[in-house]
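Add 510 to the 1-based position in the sequence shown for the numbering used here, that's all there is to it. Even glycine gets a Cβ: it sits at the ideal position worked out from N, Cα and C.
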Amino acid sequence: MEYNKITKAQFDEMQYGVGVLTRSFDVNNAYLSDKDILCATIGGISLNVVAEYEDLSEDVYMMTPGTMEMMLLTGWQVDAEFTTVTESAGMFKFVLGAVDENNGIKPRYEVKQSDFGDLWWVGDRLDGGFVAVKFCNALSDGGISLTAASREKGTVDVHITAHGTLEDDAITVPVEIYSGIEYMTFSVTENKYLTVNNLKDNTVTVNTSTGELVITSSGRWTYHVNESTGEMEVSD
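So, in structure tokens, the structure goes:
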């Protein structure tokens, strides 16, 4: 019998590496902008999405605790912890949460809606795809724990919590989780030149119904539209 094995698909879908923290990520095009990357980290990143249950049968006579019909979901705890070695003004502003940035970082005794913002963690899959977790309306609530030592990098421990909002729906859980393949799609009707980066292997196709290019080719490719013939030329 061969029960001690995994499938090829399960191997391909393994997440590998520490990933990156970013303020924005386009899951439809798997696009990540360098300017949105929050910080450099060490020691790994811990992501937690935990359902909180109450067992209504626990103190009821003649009932067995743990009865599934008596389980009540009371909420979700959505948070993350990491250690950063980036100590920019923008990073300190994010870590402290309720602060203003005006000739320095100045904490205040008031929480503003502008203190909240989405935070993404994006990691690599072995098949070239991605795993992404969006912490909605995240707020850093662990303060600053700064460690500095001789001949060592300065580190800051960070804890963030995601929050729901009354503007959308009070019962919406403030987290989104994605796992997929990186397929990049480009429209060529408005642009004569396109240069893209992608991680896939040896496939460039055209969607005949939409006229869009689906790029899954490794390396850096340039697409040039010949105005006289209307043909597209591809070069690396």
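Query: Pick from 686, 629 and 674: whose alpha carbon is nearest that of residue 585?; Result: 674
Query: Which partner residues does residue 624 have in the DSSP bridge list?; Result: According to DSSP, residue 624 bridges with nothing at all.
Query: Across which residues does DSSP place residue 687 in a beta bridge pair?; Result: 643
Query: Tell me where the alpha helix (DSSP H) around residue 600 begins and ends.; Result: 599-606
Query: Below 7 Å between beta carbons: does that hold for residue 556 and residue 607?; Result: no
Query: For residue 676, list the residues DSSP reports as bridge partners.; Result: None, per the DSSP bridge assignment.
Query: Name the residue from 661, 685, 659 and 641 whose alpha carbon lies nearest to the alpha carbon of residue 648.; Result: 685
Query: Using 7 Å as the threshold, is the C-beta distance between residue 564 and residue 575 below it?; Result: no
Query: Do residue 665 and residue 593 have their CB atoms nearer than 7 Å?; Result: yes
Query: Please work out which residues of its chain come closer than 8 Å, Cβ to Cβ, to residue 523, disregarding the five sequence neighbours upstream and downstream, and give them in chain order.; Result: 635, 636, 637, 639 and 689
Query: Measure the Cβ-Cβ separation of residue 588 and residue 654 and say whether it is below 7 Å.; Result: no
Query: Pull up the DSSP beta-bridge partners for residue 654, would you.; Result: The partner list for residue 654 (beta bridge, DSSP) is empty, contrary to what the question assumes.
Query: Residue 632 and residue 528 - do their beta-carbons sit closer together than 7 Å?; Result: no
Query: For residue 670 and residue 627, I'd like the C-alpha separation in whole angstroms.; Result: 11 Å
Query: Look up residue 747 in the DSSP assignment and say whether it is helix, strand or coil.; Result: Nothing can be reported for residue 747: it is not among the residues displayed for the chain, which extend from 511 to 746.
Query: I need the straight-line Cα distance from residue 616 to residue 610, nearest angstrom please.; Result: 5 Å
Query: Out of 566, 570, 572 and 571, which has the shortest C-alpha to C-alpha gap to residue 578?; Result: 566
Query: On the three-state DSSP scale, how would you describe residue 569?; Result: coil
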